Amino acid sequence: MAQKPLSNIPPQDSGNLTASACGTTRISVLLPMPFAGPFDYRAPADMDLQPGDIVVAPLGKRQETGVVWDATSTLPADLAPPVTEKKVDASRLRPIVCRLDLPPLSAELRQFIDWVAAYTLTPPGMVLAMTLRLHMRAAPTPTMGWAMAEHPALETLRLTPARQKVLDLLADGNHRTTTDITNATGVSAGVVKGLANAGVLRPVSLGPERPFGQPDAHYNPPVLEGAQQSAAVALRQTVAENRFSVTLLEGVTGSGKTEIYLEAIAACLEQGKQALILLPEIALSAQWMERFSRRFGVQPAVWHSEIGQRARRLTWLGAADGSASVIVGARSALFLPFHHLGLIIVDEEHEALFKQEEGVIYNARDMAVVRGRLARFPVVVVSATPSLETLANVEAGRYRHLVLPTRHGGAELPETRVLDLRDHPPPRGLFLSPELVEDIGATLERREQVMLFLNRRGYAPLTLCRSCGHRMECPHCTAWLVEHRNRKVLSCHYCDHTEPMPPTCPQCGSEHSLTAIGPGIERITEEARQLFPDARVLVMSSDTLGGPAATAEAVAKISRRDVDLIIGTQIVAKGWHFPHLTLVGVVDADLGLGGADLRAGERTIQLLHQVAGRAGRASSPGRVILQSYAPEHPVMQALLSGDFDAFMQQEAAQRKPGFWPPYGRLAALIVSADTAVAADEAAAQLGRTAPYGEGIQVLGPAPAPLAVLRGRHRRRLLLRTHRNIAVQPILRRWLGMVNLARNAKVDVDIDPVSFL
Numbered sequence: 001m002a003q004k005p006l007s008n009i010p011p012q013d014s015g016n017l018t019a020s021a022c023g024t025t026r027i028s029v030l031l032p033m034p035f036a037g038p039f040d041y042r043a044p045a046d047m048d049l050q051p052g053d054i055v056v057a058p059l060g061k062r063q064e065t066g067v068v069w070d071a072t073s074t075l076p077a078d079l080a081p082p083v084t085e086k087k088v089d090a091s092r093l094r095p096i097v098c099r100l101d102l103p104p105l106s107a108e109l110r111q112f113i114d115w116v117a118a119y120t121l122t123p124p125g126m127v128l129a130m131t132l133r134l135h136m137r138a139a140p141t142p143t144m145g146w147a148m149a150e151h152p153a154l155e156t157l158r159l160t161p162a163r164q165k166v167l168d169l170l171a172d173g174n175h176r177t178t179t180d181i182t183n184a185t186g187v188s189a190g191v192v193k194g195l196a197n198a199g200v201l202r203p204v205s206l207g208p209e210r211p212f213g214q215p216d217a218h219y220n221p222p223v224l225e226g227a228q229q230s231a232a233v234a235l236r237q238t239v240a241e242n243r244f245s246v247t248l249l250e251g252v253t254g255s256g257k258t259e260i261y262l263e264a265i266a267a268c269l270e271q272g273k274q275a276l277i278l279l280p281e282i283a284l285s286a287q288w289m290e291r292f293s294r295r296f297g298v299q300p301a302v303w304h305s306e307i308g309q310r311a312r313r314l315t316w317l318g319a320a321d322g323s324a325s326v327i328v329g330a331r332s333a334l335f336l337p338f339h340h341l342g343l344i345i346v347d348e349e350h351e352a353l354f355k356q357e358e359g360v361i362y363n364a365r366d367m368a369v370v371r372g373r374l375a376r377f378p379v380v381v382v383s384a385t386p387s388l389e390t391l392a393n394v395e396a397g398r399y400r401h402l403v404l405p406t407r408h409g410g411a412e413l414p415e416t417r418v419l420d421l422r423d424h425p426p427p428r429g430l431f432l433s434p435e436l437v438e439d440i441g442a443t444l445e446r447r448e449q450v451m452l453f454l455n456r457r458g459y460a461p462l463t464l465c466r467s468c469g470h471r472m473e474c475p476h477c478t479a480w481l482v483e484h485r486n487r488k489v490l491s492c493h494y495c496d497h498t499e500p501m502p503p504t505c506p507q508c509g510s511e512h513s514l515t516a517i518g519p520g521i522e523r524i525t526e527e528a529r530q531l532f533p534d535a536r537v538l539v540m541s542s543d544t545l546g547g548p549a550a551t552a553e554a555v556a557k558i559s560r561r562d563v564d565l566i567i568g569t570q571i572v573a574k575g576w577h578f579p580h581l582t583l584v585g586v587v588d589a590d591l592g593l594g595g596a597d598l599r600a601g602e603r604t605i606q607l608l609h610q611v612a613g614r615a616g617r618a619s620s621p622g623r624v625i626l627q628s629y630a631p632e633h634p635v636m637q638a639l640l641s642g643d644f645d646a647f648m649q650q651e652a653a654q655r656k657p658g659f660w661p662p663y664g665r666l667a668a669l670i671v672s673a674d675t676a677v678a679a680d681e682a683a684a685q686l687g688r689t690a691p692y693g694e695g696i697q698v699l700g701p702a703p704a705p706l707a708v709l710r711g712r713h714r715r716r717l718l719l720r721t722h723r724n725i726a727v728q729p730i731l732r733r734w735l736g737m738v739n740l741a742r743n744a745k746v747d748v749d750i751d752p753v754s755f756l
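At the far end of the sequence shown sits residue 756, using this note's numbering, and the numbering has no gaps.
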């Protein structure tokens, strides 16, 4: 597990700002790389370096950006890794190259990075890399603009109408960028460049760019009543307390949870602090941004993978200097260097998308709570269907609980019906029951909108040969290839392998024998278009919506009633408000209930409850029809009764006896190698040295459900302990006892969400 040192790197240790006997100032620098800890360097005499400063340091024959780090750890004993003191003689320390003109990382953020690294058993430099990304590893370039030259050579200038417009604009003495000038005058950038070349304009530094408007906490406060008003007042008081706390804001779909937690943001802004809102998916930001702008008069800063490098840089700097008062983003926004963060909101806290499964494996919901505790500010987690982990924290008294039992504005919750497909089967080769088709037709005739939901992309999840039974599988994963008929390809949804649909069976050579098995969203769309040829259909999935802009346009079309029938995957289950949508049909409500996932029932009820919540959010009543072959399943019965709490109590009762999360601790070891033999040997070695004791159990090794992923063979072991036993010290000792082959790798997943 230990990382090999790079060549040409002198041995260094993890001290801090200390003076040696010979007068050399020894500093510790953490680099955003997978080393076990910081390295020691020498601070030049003319460089007053402090913890948090961003510096350039030599590493082998190259230079890397890092951060001056702290010598003493404040981690709790069960998280702190063992200390190994290997002091290097001061004469061998290499000097820091320079300090970058960037805001230093705060003590709170440095402590948070150390905490996440220790909790997830990740090299701290890899966690730092999420804060100090590539685009920030350089000093900021000042924004350049133009001003009139002190002695412009106007007498020799050929004055055109376009040039005159520029001169008239700059006559007020204000400095402007090229973009500002071209936007204000309508001239081209070439005109500006020509004036500069003629000596009429001179370049000037405009200083750091400030692109973020300041939200006004009093701009457009909402009118709230009853439970909404009580919840808003409670959240404002929580923010005013200026101390760490976690509050669960639970409310049925359409109860106005967003408007209520915006009041907590307003209270945070009134104190001059920054607020962070974490959303599970960037697609959610479109409608959310509109709500924010209506409330505060400006848009917040945005942080996610789809924004460009320049926008990321500006948002990073805005977080660091405080000019970005409110930032909304995906899970990685949690690692921004906030100047004075005073509140974190985790919306749709139950979503599995908050768990990062590669690189640094962490749950952003849980780490948001950690950051709030370390910096002593409140955290609010929000959901209509809270996770069992969050409900257990409420039950234990660790979290406050605010409940909104009714929808906003008097709207009623939708009527739910389970359609037993054993009694009402679809026609052969089709997937929509005649009962559902009839309801869809009646709804469309009333000029109301309909949504069909199937959480499966593509045309069909399996393609097989009718002649020999051959199944089309991914050559790199133990997964079937999904047919995407619109693109005429077969695709693996795990490694993105894609190949054309073959004209013959690759196994037996039979022509026209390959057939699609089961429905995907494309197949349901094809069926719906045949049944309702006059309906205006919109498909919402990650295959059809390329990003936030495309999602915003799709949402706008639905709101304008340019769409009659919406067909979508899980993206339609998010917190959309479609006032004219009255019928939701779930094509396969049983999907997700199979397998060995201990959270299968919890996830399914959360997803279907969220999907159902899109119906009837305005004056017209909503209806939900669930197509199922197992209407007696507890999930279906809970959706019918609307008693989510009773279902979660039943889930808790099933997990407590075996101390399954959240009533015990769980960590997964995922062994991977380039051959099955190597994976088996590494897994067996871990199995032979597995820890044991009261309250400790190891399950496995066993092949992972995805036994081959991206060409690597995978095995899994699960470490399960009682709640009062920390898994990190056990894992460190366990992993330290094995010496795996070079072609084998072990990934550690603390608090696993996925069991693939």
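Backbone N, C-alpha and C fix where the C-beta goes; we use that ideal spot for every residue, glycine too.
For clarity, every value in this text was computed on a predicted model and none was experimentally measured.
Residue environment analysis places residue 272 among the exposed positions, since fewer than 16 neighbouring C-beta atoms fall within 10 angstroms of its C-beta. Around the beta carbon of residue 517, fewer than 16 other beta carbons sit within 10 angstroms, so the residue counts as exposed.
Residue 145 and residue 369 have their C-alpha atoms spaced approximately 43 angstroms apart.
Under the three-state reduction of DSSP, residue 375 is assigned to helix. In terms of Cβ geometry, residue 729 and residue 78 form a close pair [threshold 8 angstroms]. Residue 326 sits close to residue 275, with the two beta carbons spaced by under 8 angstroms.
Distance from the CA of residue 291 to the CA of residue 631, rounded to the nearest whole angstrom, comes to 38 angstroms. CA-CA distance, residue 377 to residue 639, rounds to 36 angstroms.
With a contact defined as Cβ atoms closer than 8 angstroms, residue 254 and residue 408 qualify at about 6 angstroms. Sixteen is the threshold: when 16 or more other Cβ atoms of the shown chains lie within 10 Å of the Cβ of residue 256, as they do, the residue is buried.
With respect to residue 562, residue 523 sits apart: the two C-beta atoms are not nearer than 8 angstroms. For residue 722, the enclosing beta strand (DSSP E) begins and ends at 712-722. Closest by C-alpha distance to residue 230, out of 213, 249, 220, is 249.
Ranked by Cα distance from residue 418, the options 130, 65, 626, 559 are led by 626.
Rounded to the nearest whole angstrom, the CA to CA distance from residue 528 to residue 424 is 18 angstroms.
Counting the other CB atoms within 10 Å of its CB gives residue 121 a total of 16 or more, which places it among the buried residues. Around residue 707, the same chain offers 478, 713, 714 as residues with beta carbons nearer than 7 angstroms, after the five sequence neighbours per side are excluded. Residues of the same chain with a CB within less than 8 angstroms of the CB of residue 392, apart from the 5 flanking positions on each side, are 652, 662, 663 in chain order. Selection 672, 736, 756, 698 evaluated against residue 742 yields 672 as nearest (Cα-Cα). Separation of residue 387 and residue 463 (C-alpha to C-alpha, rounded to the nearest whole angstrom) is 36 angstroms. In this model, residue 74 and residue 736 are separated by some 24 angstroms (Cα to Cα). Look at the beta carbons and you see the region 480-491 not touching the region 438-448: under three pairs across the two are nearer than 8 angstroms. The continuous beta strand (DSSP E) containing residue 400 extends over residues 400-404. Nearest C-alpha to residue 607 among 617, 586, 621: 586. The continuous beta strand (DSSP E) containing residue 66 extends over residues 62-68. Spanning the alpha carbons of residue 691 and residue 733 requires a straight line of approximately 9 angstroms. Listed in chain order, the beta strand (DSSP E) elements of length 3 or more contained wholly in the region 607-637 are 623-628. In the three-state reduction of the DSSP assignment, residue 261 falls in the helix class, which pools H, G and I. Of 178, 148, 113, the smallest CA-CA separation from residue 172 is found for 148.
Here DSSP, grouped into helix, strand and coil, assigns residue 41 to strand. A Cβ-Cβ contact shorter than 8 angstroms links residue 382 with residue 349. Cβ contact annotation for residue 52 (same chain, cutoff 6 angstroms, sequence separation greater than five): 104, 105, in chain order. Annotated three-state conformation of residue 203 is strand, per DSSP.
Ranked by Cα distance from residue 266, the options 239, 281, 38 are led by 239. For the pair residue 190 and residue 308, the Cα-to-Cα distance works out to about 25 angstroms. Restricting attention to 343, 334, 621, 611, the CA atom closest to the CA of residue 356 is found in 334.
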